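To convert, note that position 196 of the sequence shown is 196 in full-length UniProt numbering; the numbers rise steadily by one, no gaps. Don't be surprised by glycine CBs; every beta carbon is placed ideally from N, CA and C. Predicted, not measured: the structure shown is a model, and the values here were computed from it.
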Amino acid sequence: NEDTSVFELDEEALASVLLNTGIEDKHVCVLAVAGAFRKGKSFLLDFLLRYCCNRDSEDWLGDSSSPLRGFKWRQGSKRETTGILVWSKPFMVKKKSGEEIAVILMDTQGTFDTQSSMKDSTVVFALTMMVSSVLVYNLMNNIQEDDLMNLQTFTSYGIQAQEDCDTSHAFQRLQFLVRDWGFPYETPYGHKGGQGVLDEILQITPKQHPAHQDVRRDLRKCFRDINCYLMPHPGFKVIQHANFDGKLDDIDPEFVEHLRVLVPHLLAPENLVKKEFGGQPIKARDLYNFFKTFMEVFKDVDLPEPTTLVEFAARASSQAALEAGKEQYVNAMDTLVGGDRPFLKTTQMETEHEKEKQRAVASYLEKNKYGRKNQRVVEKYQLQLEEEIDKLYNKYVEQNEAKNVFKAARTPATLFSALMFFYLLSGIFGLFGMYPFATICNLGMGAFLIMLTLWAYVRYSGEYRELGIYIDEVATFLWENFLSPVYATYMEKPLKDAAELAAHQAMSSAITSAAVKGIANNNLSKGGST
Numbered sequence: 001n002e003d004t005s006v007f008e009l010d011e012e013a014l015a016s017v018l019l020n021t022g023i024e025d026k027h028v029c030v031l032a033v034a035g036a037f038r039k040g041k042s043f044l045l046d047f048l049l050r051y052c053c054n055r056d057s058e059d060w061l062g063d064s065s066s067p068l069r070g071f072k073w074r075q076g077s078k079r080e081t082t083g084i085l086v087w088s089k090p091f092m093v094k095k096k097s098g099e100e101i102a103v104i105l106m107d108t109q110g111t112f113d114t115q116s117s118m119k120d121s122t123v124v125f126a127l128t129m130m131v132s133s134v135l136v137y138n139l140m141n142n143i144q145e146d147d148l149m150n151l152q153t154f155t156s157y158g159i160q161a162q163e164d165c166d167t168s169h170a171f172q173r174l175q176f177l178v179r180d181w182g183f184p185y186e187t188p189y190g191h192k193g194g195q196g197v198l199d200e201i202l203q204i205t206p207k208q209h210p211a212h213q214d215v216r217r218d219l220r221k222c223f224r225d226i227n228c229y230l231m232p233h234p235g236f237k238v239i240q241h242a243n244f245d246g247k248l249d250d251i252d253p254e255f256v257e258h259l260r261v262l263v264p265h266l267l268a269p270e271n272l273v274k275k276e277f278g279g280q281p282i283k284a285r286d287l288y289n290f291f292k293t294f295m296e297v298f299k300d301v302d303l304p305e306p307t308t309l310v311e312f313a314a315r316a317s318s319q320a321a322l323e324a325g326k327e328q329y330v331n332a333m334d335t336l337v338g339g340d341r342p343f344l345k346t347t348q349m350e351t352e353h354e355k356e357k358q359r360a361v362a363s364y365l366e367k368n369k370y371g372r373k374n375q376r377v378v379e380k381y382q383l384q385l386e387e388e389i390d391k392l393y394n395k396y397v398e399q400n401e402a403k404n405v406f407k408a409a410r411t412p413a414t415l416f417s418a419l420m421f422f423y424l425l426s427g428i429f430g431l432f433g434m435y436p437f438a439t440i441c442n443l444g445m446g447a448f449l450i451m452l453t454l455w456a457y458v459r460y461s462g463e464y465r466e467l468g469i470y471i472d473e474v475a476t477f478l479w480e481n482f483l484s485p486v487y488a489t490y491m492e493k494p495l496k497d498a499a500e501l502a503a504h505q506a507m508s509s510a511i512t513s514a515a516v517k518g519i520a521n522n523n524l525s526k527g528g529s530t
């Protein structure tokens, strides 16, 4: 918000990108381009976007006379991008393993422009670094010492986060991209030349100032991979023609050839880097929660301390671990009683529920690496996980009970039993001339007949469900207070005794048969020896 200088998150827009069906449960690769303003970040991103849209084509750059479209960009000295922008459509990419990853492209406001404060630049860069899995650090001409020092302003968050969890690196990949490299006669363009320049710059020597040594150590600690690519100049038409619109025809061919190498290096399926948090890959829904959590930190007027950001990171990590634990529980219970699975005995279901609940909690604690040193946060989200699992269990119980044939037939059986009871009473009262009582029984019989008819209609048509629920409640009351006690008193024990007697007789018969067979075999063997 340029009026208040406060960053605001458009949650609805972000949800439309990350919480779509088919996206929210996918792991994500978040590629962001950051760096100083007016250095061609959006221009580069649009070539990345073109690759994502045409990755199945060998000539993904397309028609050389087509303008460059996508993220808004323009020539000139004034800034174009403000805040952080995310392309509205994630790109689904299938890796060789068969796993699909959602690729998110992110454009960022240029740092240190004339209209932004130091805090604005720090917030944009720090937030970009926290949520991206590949951070393209866009530089001009060379890697300067102040470029590294600017990075150190933000790596303090990563260092603190790393100390609070067991992961070896806080972030995944840092890709230095040096534009308009001016010394190809010393070091060639491309990966090889870039890596040589990077290794030389990041080398620690005794003559360096301690602050310069620290920034190099911090970068190595924070990022798992650090690469560099040297790009040639795009040509003078790009920077001098006011009507330049991104046509390949107007770009230096050497620049275009290096685009063909650089872009797949960043976005080819085998090169995608999953976004991790605390050493665990996260999904699109987790990324949405991370954005919300981190934006709460950066809403304040003052920049947060690294420890504050790490505390919020612990919350985000706990939320992600909670979702993973809940998903594990749901998958296990779906396999057990979900869908078309048959009815499961209640006691067995309770046992399985407790087992899977313990496994989900163990998974939560294992994956929640950022929260391990913040026990209060861990316990809060663990309690929330257990409560949500118990709510899910109640739904599974209802789903399982619906498959119980005997329970499903309880209402009609109870109503029919009550109907027959009043029918018999009516006959008895009529036999002895007690007609008023017989009339009352006939009314009761009619009432239960109507209830049985209505219940059948509700079940068949799906209409008047509230009435059906009321009839079920009446039947349950009659069953629990009248029929069930009668069954337990007069029928349960005789049926149990009959079952035990049948089992005993079957066992005795089997033993007798085996004994007779043994004697017969013994006689045969004696006869054979004689």
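Cα-Cα separation, residue i to residue j
i           : j           : result
residue 336 : residue 272 : 35 Å
residue 436 : residue 422 : 13 Å
residue 290 : residue 409 : 49 Å
residue 40  : residue 141 : 13 Å
residue 83  : residue 124 : 7 Å
residue 178 : residue 184 : 12 Å
residue 399 : residue 389 : 15 Å
residue 469 : residue 341 : 25 Å
residue 260 : residue 277 : 31 Å
residue 77  : residue 95  : Bear in mind that the predicted position of residue 77 carries a pLDDT of just 41, short of 50, making it too unreliable to give a figure here.
residue 61  : residue 234 : 15 Å
residue 364 : residue 375 : 13 Å
residue 391 : residue 9   : 31 Å
residue 348 : residue 354 : 10 Å
residue 495 : residue 320 : With a pLDDT of 47 at residue 495, under the threshold of 50, the predicted position of this residue should be treated as unreliable, though the coordinate-derived value follows. Going from the Cα of residue 495 to the Cα of residue 320 covers about 52 Å.
residue 35  : residue 138 : 5 Å
residue 454 : residue 442 : 18 Å
residue 216 : residue 175 : 15 Å
residue 75  : residue 282 : Unreliable placement is indicated for residue 75, whose pLDDT of 48 sits below 50; the coordinate value is still reported in the next sentence. Taking the straight line joining both Cα atoms gives about 37 Å.
residue 221 : residue 66  : 43 Å
residue 193 : residue 268 : 21 Å
residue 211 : residue 144 : 14 Å
residue 298 : residue 381 : 23 Å
residue 88  : residue 99  : 22 Å
Backbone secondary structure at residue i - three-state DSSP
i           : result
residue 272 : coil
residue 471 : helix
residue 208 : coil
residue 223 : strand
residue 233 : coil
residue 172 : strand
residue 443 : helix
residue 193 : helix
residue 201 : helix
residue 531 : Since the displayed the chain opens at 1 and closes at 530, residue 531 lies outside it and no answer follows.
residue 428 : helix
residue 243 : coil
residue 524 : In this prediction, residue 524 has a pLDDT of 49, which is less than 50 and means its spatial position is unreliable; nothing more can be read from the coordinates.
residue 60  : coil
residue 455 : helix
residue 68  : coil
residue 76  : Its pLDDT being 42, under 50, residue 76 is placed unreliably in this model, and the value from its coordinates should be taken loosely. Looking at residue 76 - three-state DSSP - the assignment turns out to be coil, as it is neither helix nor strand.
residue 10  : coil
residue 216 : helix
residue 188 : coil
residue 464 : coil
residue 479 : helix
residue 20  : coil
residue 55  : coil
residue 144 : coil
Minimum Cβ-Cβ distance from residue i to chain B less than 9 Å
i          : result
residue 33 : The chain inventory of the structure shown lacks chain B, comprising one protein chain alone.
One or two residues paired with residue i in a DSSP bridge
i           : result
residue 35  : 138
residue 346 : DSSP, once it has assigned bridges, lists no residue as partnering residue 346.
residue 281 : 276
residue 94  : 100
residue 108 : 84
residue 27  : 101, 283
residue 228 : 176
Rounded Cβ spacing between residue i and residue j (contact assumed at less than 8 Å)
i           : j           : result
residue 18  : residue 332 : Incorrect: roughly 26 Å between the Cβ atoms, too far for contact.
residue 130 : residue 294 : 6 Å
residue 280 : residue 228 : That belief does not hold up - the Cβ atoms of residue 280 and residue 228 are roughly 28 Å apart, past 8 Å.
residue 30  : residue 104 : 5 Å
residue 181 : residue 231 : 6 Å
> With a cut-off of 8 Å, do at least 3 Cβ pairs link the stretch 249 to 269 to the stretch 198 to 205?
Replying inline: In this structure the stretch 249 to 269 does not lie against the stretch 198 to 205, because fewer than three pairs of beta carbons, one per stretch, are closer than 8 Å.
> How about the stretch 47 to 54 and the stretch 14 to 29: do they share at least three Cβ pairs that are nearer than 8 Å?
Replying inline: no
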